[in-house]
Amino acid sequence: MTATLAPRRGMPPVLKHLLVTVAYLVVIVGIWQVYVTAADVPIYLLPAPDAVWESMVGMAQDGLLWGNMLYTVRNIVIGFVGGVLIGTVLGYILWASRWAREIAAPYIVVLQAAPKIAVAPLLVLWFGLGFESQMALILMLSFFPMMVSMRLGLESISSDVETLGRLLNMGRWRYFRTVQLPGSMPELISGAKIAIIDAMTGAFLAEYISAQVGLGYLMVLGNSSYNTPMLIAAVLLTVVAGLAGFGLIGLAEKRLLRWRTNR
Numbered sequence: 001m002t003a004t005l006a007p008r009r010g011m012p013p014v015l016k017h018l019l020v021t022v023a024y025l026v027v028i029v030g031i032w033q034v035y036v037t038a039a040d041v042p043i044y045l046l047p048a049p050d051a052v053w054e055s056m057v058g059m060a061q062d063g064l065l066w067g068n069m070l071y072t073v074r075n076i077v078i079g080f081v082g083g084v085l086i087g088t089v090l091g092y093i094l095w096a097s098r099w100a101r102e103i104a105a106p107y108i109v110v111l112q113a114a115p116k117i118a119v120a121p122l123l124v125l126w127f128g129l130g131f132e133s134q135m136a137l138i139l140m141l142s143f144f145p146m147m148v149s150m151r152l153g154l155e156s157i158s159s160d161v162e163t164l165g166r167l168l169n170m171g172r173w174r175y176f177r178t179v180q181l182p183g184s185m186p187e188l189i190s191g192a193k194i195a196i197i198d199a200m201t202g203a204f205l206a207e208y209i210s211a212q213v214g215l216g217y218l219m220v221l222g223n224s225s226y227n228t229p230m231l232i233a234a235v236l237l238t239v240v241a242g243l244a245g246f247g248l249i250g251l252a253e254k255r256l257l258r259w260r261t262n263r
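The opening position of the sequence shown corresponds to residue 1 in UniProt numbering, with each subsequent residue numbered one higher.
Printed below as a string of structure tokens:
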């Protein structure tokens, strides 16, 4: 009688991904430290990693970090959710209505093609130096990829599926909820990955131009006071916030599109 050996279980994917990410960070920080030390780079040009870390810890202890970081994260989340909703609705309208495509689509493309660094001062002029102008800029950046993704997702659904929905006498809402939305989910997830980065970019740009609070404001403060470690710390925290949002959408993709990996 022979004993059967249990199959060896590999490392959980989440833990493996975390270890790979940590390894990349260690390599980047190591190269950064070696370059700064070997080239004797002045701190006002590029501070060493430990100087940036000390600046980050100092801001946390002084109460300067958490309020500004939470303000930026809040703006990114609100702008991203708003961009998802607006872009999804506009994408559906442009897909469903030929008149909407002919009338509204050119204006939307022109609006998106305009450089946002040039539009931002106009938003400040129209909405003031506050939350409204910042949110308008974030929404302008984040809605477009969702609009395009929604339209592409709806167009990818086979006409045979639409015919089947009519034979089953599905209403428009039921057909959208049970067929169109799930069928468009791969494209929507791809658009959301772009939209979260665009929301981060919009939040940074808006705060850099008009805010008195936020990570963008810390960048301006560090730049104007020649505090390069503060400037680099604020930039890194903004990038971390965007990457965290990207990672959360990646986790949502694995759950929502599990059927694709099981085929």
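Just so you know, even glycine gets a beta-carbon here, dropped at the ideal spot from N, CA and C.
Nothing here was measured: the structure is a model prediction, and the numbers come from that model.
- [ ] Just the C-alpha distance for residue 204 and residue 37, rounded to the nearest angstrom, thanks.
- [x] 30 Å
Open item on the list: Is the beta carbon of residue 47 closer than 7 Å to that of residue 33?
Closed with: no
Task: Collapsed DSSP secondary structure at residue 213 in the structure displayed - done: coil
TODO: Give the range of the alpha helix (DSSP H) segment to which residue 228 is assigned.
DONE: 228 to 256
Task: Alpha-carbon to alpha-carbon, residue 31 and residue 59 - done: 25 Å
TODO: Give the single residue among 201, 225, 213, 193 whose Cα lies nearest to the Cα of residue 249.
DONE: 193
Open item on the list: Is residue 148 a contact residue of the ligand GDP, with contact defined as CB to any heavy atom under 6 Å?
Closed with: By its list of ligands, the structure shown contains no ligand whatsoever, and the ligand GDP lies outside what it can speak to.
Open item on the list: If distances are taken between C-alpha atoms only, which option among 115, 84, 112, 137 comes closest to residue 124?
Closed with: 137
- [ ] In the DSSP assignment, find the unbroken alpha helix (DSSP H) run with residue 131 in it and report its ends.
- [x] 131 to 155
Open item on the list: With a threshold of 8 Å, are at least 3 pairs of Cβ atoms found where one atom belongs to the region 184 to 193 and the other to the region 145 to 153?
Closed with: yes
- [ ] For residue 212, count neighbouring Cβ atoms within 10 angstroms of its own Cβ and tell me buried if that reaches 16, exposed if not.
- [x] exposed
Open item on the list: I'd like the span of the alpha helix (DSSP H) that includes residue 61, first residue to last.
Closed with: 49 to 62
TODO: Could you check if residue 90 is buried or exposed, using at least 16 other CB atoms within 10 Å of its CB as the buried criterion?
DONE: buried
TODO: Kindly indicate which residue of 242, 253, 186, 15 has the alpha-carbon position closest to the one of residue 152.
DONE: 186
- [ ] From the DSSP output, in three-state form, read off residue 200 for me.
- [x] helix
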